[in-house]
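Visitor: Attaching a single structure in C-alpha cells format; questions to follow.
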Amino acid sequence: MNTGKFDAHPTYKDDYRPWDTHKRELAKQERVYQPPTEKFGNSTTFQDDFFPKEIMARESFKPLGVAKHSDIPFEATTSHRISYVPHEIEPRFMKEKPEYKPSSQPLDDLTTHRVNFKGALGEITKSYKPEHGKIGSSARFEGSTEFRERFQPWEIPSPYVIKSYEYIPPKAHMQFDTTTNQDFVPHQLDYVPPIRPVSHGRRSNVPFQGNTTMKDDFRPWEAKRQELIKREHEISKPMGKFEGVTTFKSHYQPHEIIPTQSFKPQGISLRSSVPFEGGTMYRSEFTPKKNEVCPANFALPPGYVFEGVDNRGHKIFQKIPTPKMNAFGNRNENSIGIAKEIAVAS
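Residue numbers (full-length UniProt numbering): 1 to 346.
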C-alpha cells in the first residue's frame, strides 16, 4: 500500500489565483445638515379655507302640550237631557209560590225489572274439584336413576408425559469465527485533507458608518398632534320625566288573531292501477359487451404460440394467424393476417 501524501491541487486552483482587491471609495459628497430657521407650517388647505362656525340651536315649531282654558262656562245640555221624560218606576210583580201538599198514597217503587223478573230458586252448581288429600309414604326415597344405574364411573388413567432429555454441554471448545473475521484484514486509512481554503473573516477596528442618503437628507421633525376643535353643546338637557308613550301605543287597538287557513296538500301518495313503465333510453340502446381477459394472466394463453424466452427471462408468445373471410363467406388461404399482437408474460 502507498503511504505517500496526496497532492490535492486541482486545475481550477492552479489556474485561478485570488486577487488582492481593495475596497472602493464612496463618490458621494458629504453634506452637513443645517436646520431651518423658520417655523414649519403644518396647516392644511381644509384648515385655511374652513374655519369653525358657531352652532345655533334650531327653533322648535312644535306646539306646546298645554291645555287651553276658557272663561265661558261649559254647556252640558244635550238633546237626550232635553227630550228625555223621567217616569216613575213601578214595583216589580212578584209571583206567589204554591204551597207544597204531600200525597196521601204510598210511593210505588216497582220497576219493569222488578215486575217481570222475580227471583226464582234454583239448584246450586256442584263442584267437580277433587278433594285435597295428602299422599304420603313411609318408604325411603330412592335417588337412583336409569342414567346412574347404566353409566358407572370409570377410572381415567393419568396422561403420559414425555420426559425431557437433560442438556449435556459439549466438551470441545466452540469456535465463534466467521468467514468475515477470518478473511477480512483491517487497514489503516489516511484521511484526505480538505482542498477548500481556510476562510478568514475580515475584521476591522474602524466603527461602522451606518449613515444613508435617506437619513442625511430627511431629518425627523418635532411635530405635535393638533387638538380637536370641538365646542360644547349649548342645548340644555330636559329636566322633566320622560313620557314613553308613542303615537302607536296611544292609537293602536289590539285585534284577535285569526289563524290563516293552510292550503298545504295532504301527504297522501297517489296510487295508480297502470303498471310503471321503467324503460329508459339507456336500457333500450345499451349493448352488453364481453369482458376480455388479459392473456398475460394464463400460464399458456389461448390463441397464442410460445416463441421463446428473451435475455431478461420474459416469455414471448405470438398470436396464431387466422385466415381472412372473403365476401362470399369462403376462406382465403393466400391472404392470412400477419400476427402483430404479442403477449409478454414474465
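Beta carbons: idealized from backbone N, C-alpha and C, even for Gly.
Fair warning: this is a prediction, and the values are worked out from it, not measured in the lab.
Just to confirm, is the Cβ distance from Val305 to Ile320 under 8 Å?
Guide: Yes; because the gap between Cβ atoms is below 8 Å, this pair is in contact.
Visitor: Do the stretch 226 to 242 and the stretch 45 to 60 touch if we need at least three Cβ pairs shorter than 8 Å?
Guide: Result yes; three or more Cβ-Cβ pairs closer than 8 Å.
Visitor: If you drop the 5 nearest sequence neighbours on each side, which residues of the same chain put their C-beta closer than 8 Å to that of Tyr33?
Guide: Result list for Tyr33: Asp216, Arg219, in chain order.
Visitor: Consult DSSP for Gln47 and reduce its assignment to one of helix, strand or coil.
Guide: Helix at Gln47.
Visitor: Which word fits Phe317, buried or exposed, when buried means at least 16 other C-beta atoms lie within 10 angstroms of its C-beta?
Guide: So Phe317 counts as buried.
Visitor: Measure the alpha-carbon distance for Asp48 versus Phe61 and round it to whole angstroms.
Guide: Computed Cα separation, rounded: 36 Å.
Visitor: Return helix, strand or coil for Glu341, following the three-state DSSP convention.
Guide: Note on Glu341: pLDDT 48, under 50, position unreliable in the model; the coordinate value appears next. Residue state, collapsed to three classes: coil.
Visitor: Tell me the DSSP secondary structure of Lys5 in three-state form.
Guide: Note: Lys5 maps to coil in three-state DSSP.
Visitor: With the cut-off set at 8 Å, would you say Ala27 and Ile195 are in Cβ contact?
Guide: No, the Cβ-Cβ distance between Ala27 and Ile195 is not below 8 Å.
Visitor: On the DSSP bridge list, what partners appear for Tyr304?
Guide: According to DSSP, Tyr304 bridges with Lys319.
Visitor: Rounded to whole angstroms, what is the Cα-Cα separation between Gly278 and Leu270?
Guide: Roughly 18 Å between the two C-alpha positions.
Visitor: Per DSSP, which one or two residues make a beta bridge with Val309?
Guide: In the DSSP output, where bridge partners are listed per residue, Val309 has Lys315.
Visitor: From Asp14 to Thr21, what does the alpha carbon distance come to, in whole angstroms?
Guide: Answer to the nearest angstrom: the Cα atoms are 19 Å apart.
Visitor: Spatial neighbours of Thr11 within its chain, please: C-beta separation below 7 Å, excluding the five flanking residues on both sides.
Guide: Within the same chain, Thr11 has no close Cβ partners at all.
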